[in-house]
Amino acid sequence: MASIFGFRSRDPARDRQTDLQRFDRLAKLFDQISAEIEAEKTGLENRYKSTAANAAFLVEAMENGSASASKGSDVSAMTNSILNCERRIAELARQKGLMKELRHSLDAIVEDGSGRPAEQATARAISGKL
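Written as structure tokens, this is what we have:
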């Protein structure tokens, strides 16, 4: 029976600080993943534009007779590359939207748990001023 009376729980403020620190790490991870997605998307968009321009110039050169018809396989490869880029860009846009939704949900969880705006609660948790 002595062990029952010796049980102590932590201070709710300390629990809240621990939770907020955990949520802050998760928020930073969501932000990092979003930045990675955006960087990949930007790189793909740049390659997409370059490949599309090269394909257009090559098709024009073939039509004007300044490039041989054997370059048709190059145009086909560029077309496939463009289509793959479009698919990947669409997937990255979907992933970015998902990260945004997850971050919004996390902010709502933090806000609901504290009665304060999420940014204030997270900032206080980081500074240890709960």
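Residue 142 is where the sequence shown starts when you use my numbering, and the numbers rise one by one after that.
From the three backbone atoms N, C-alpha and C, an ideal C-beta is built for every residue, glycine too.
- Sixteen is the threshold: since fewer than 16 other Cβ atoms of the shown chains lie within 10 Å of the Cβ of Phe198, the residue is exposed.
- The three-state secondary structure of Ala249, taken from DSSP, is helix.
- Between the stretch 170–178 and the stretch 232–244 there are three or more C-beta pairs closer than 8 Å, enough to call the two in contact.
- Under the three-state reduction of DSSP output, Asp152 falls in the coil class, being neither helix nor strand.
- In this model, Ser209 and Met203 are separated by some 6 Å (Cα to Cα).
- Residue state for Ser211 is assigned as helix, using DSSP reduced to three classes.
- If you draw a 10 Å sphere on the C-beta of Phe148, you find fewer than 16 other C-beta atoms in it, and that means exposed.
- In this structure, Thr192 and Ile223 form a Cβ contact; the two beta carbons are roughly 6 Å apart against a cut-off of 8 Å.
- Take the alpha-carbon of Tyr189 and the one of Glu252: they are about 41 Å apart.
- With fewer than 16 neighbouring CB atoms inside 10 Å of its own CB, Phe146 falls in the exposed class.
- Excluding its 5 nearest sequence neighbours in each direction, Lys212 has C-beta neighbours in its own chain below 7 Å: Leu199, Met203, listed in chain order.
- When secondary structure is reduced to three states using DSSP, Gly147 falls in the coil class, being assigned neither helix nor strand.
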